[in-house]
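Trainee: Structure incoming, see below.
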Amino acid sequence: MKFNSNSLLTALLCLPFLTAASPLALAESGVATAAELAEIRSQVPVYDLDLPEYAADIAAIDAAIQARSTPELSEPETAKLFRRQYPTICETSTGSPSVNNVISAYAYLHSLGNQHCGQTNCCGSKCTTMVRRGDAAIAVCGSQYFEYCTRFGDAARLIVQRCQSGGRVGGQSPWTSGMRLIVVRS
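Numbers -27 to -1, 1 to 159, taken from mature numbering (1 follows the signal peptide of the UniProt record, and there is no 0), label the letters of the sequence shown in order.
So, in structure tokens, the structure goes:
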């Protein structure tokens, strides 16, 4: 059976569901007969990826493989979404914290996962330092706001990826809520 589909994924999702009486389920209980194997083969689609109808799928797969070698495209999904939603403003100078200390700080935030982190300083600077490591600090400024710690870690990671220079990094990521995550010297 051949599937005429624009997507390999769509075709895979169309596979018939196995029942206890299906040849594949029966084959797992013992030795399969030639007839059972033929029935199994008829239920599993075979893709001849050299056919012209799959050219677009192959091109997309090749592009994805090539993209994985670039750090910007191999980042976690949450960071990809975050990067599209929130820009990064680079402010790196010789007075900025070291990249390694910022990496340690954002890795810690990211390790907290779904715990809530946020801005708790309602008065004065309206900034809360969430984590410090060596000469680095990651803080959030603006209105009181809480978010999963991993999201703050992802934002800091994007600042490192986009703003590092000469072993130093500094910058901010403004959020639509009026908040901004900042990477500064502590």
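Glycine residues also receive a C-beta, built at the ideal position from the N, C-alpha and C atoms. From a predicted model like this one, the values you see are computed outputs, not experimental measurements.
1. So does the region 94 to 102 actually touch the region 131 to 144, counting three or more Cβ pairs closer than 8 Å?
2. Can you tell me which of the three DSSP states Q137 falls into?
3. Closer than 7 Å by C-beta to V72: which residues in its own chain qualify, once you throw out the five before and the five after it? Chain order, please.
4. Which partner residues of A7 appear in the DSSP bridge assignment?
5. Would I62 pass as a contact of Q145 if the rule is Cβ separation under 8 Å?
6. Helix or strand or just coil, what does DSSP make of G91?
7. Which residue's Cα is closest to the Cα of N94: F119, T65 and V157?
8. Which residues in the same chain as A78 place their Cβ atom closer than 6 Å to its Cβ, once the five residues preceding and following it in sequence are excluded?
9. Three-state secondary structure (DSSP) at residue 169?
10. Output the residue ranges of the beta strand (DSSP E) runs that lie fully inside the region 73 to 125 and measure 3 residues or longer, sorted by chain position.
11. For A129, count the other beta carbons within 10 Å of its own beta carbon; 16 or more makes it buried, fewer makes it exposed. Which is it?
12. Quick one: is S69 buried, meaning 16 or more other Cβ sit within 10 Å of its Cβ, or exposed?
13. Considering only C-alpha positions, which residue in the set P147, T123 and V113 is nearest to S84?
14. Identify the continuous beta strand (DSSP E) that holds residue 165 and give its terminal residues.
15. Taking G86 as the reference, which of S116, Y121 and T67 has the closest Cα?
Mentor: Taking the coordinates as given:
1. Contact fails: fewer than three Cβ-Cβ distances are below 8 Å.
2. Here Q137 carries a coil assignment [DSSP, helix/strand/coil].
3. Closer than 7 Å at the Cβ level, and outside the excluded window around V72, lie V133, Q137, G140, R141 and V142.
4. None, per the DSSP bridge assignment.
5. Closer than 8 Å, so yes.
6. In the structure shown, G91 adopts extended strand secondary structure according to DSSP, grouped into three states.
7. The option with the nearest alpha carbon to N94 is F119.
8. Once the five neighbours on either side are set aside, the close Cβ partners of A78 are V104, R106, A109 and I111.
9. Missing from the structure shown is residue 169; the chain here goes from -27 to 159 and no further.
10. Entirely contained in the region 73 to 125, the beta strand (DSSP E) runs reaching 3 residues are, in chain order, 89 to 92, 100 to 106, 109 to 114 and 118 to 121.
11. Under the 10 Å beta carbon count, A129 is surrounded by 16 or more other beta carbons and is classified as buried.
12. Buried: at least 16 other Cβ atoms inside 10 Å.
13. Ranking P147, T123 and V113 by Cα distance to S84 puts T123 first.
14. Residue 165 is absent from the structure shown; the chain starts at -27 and stops at 159.
15. The candidate whose alpha carbon is nearest that of G86 is Y121.
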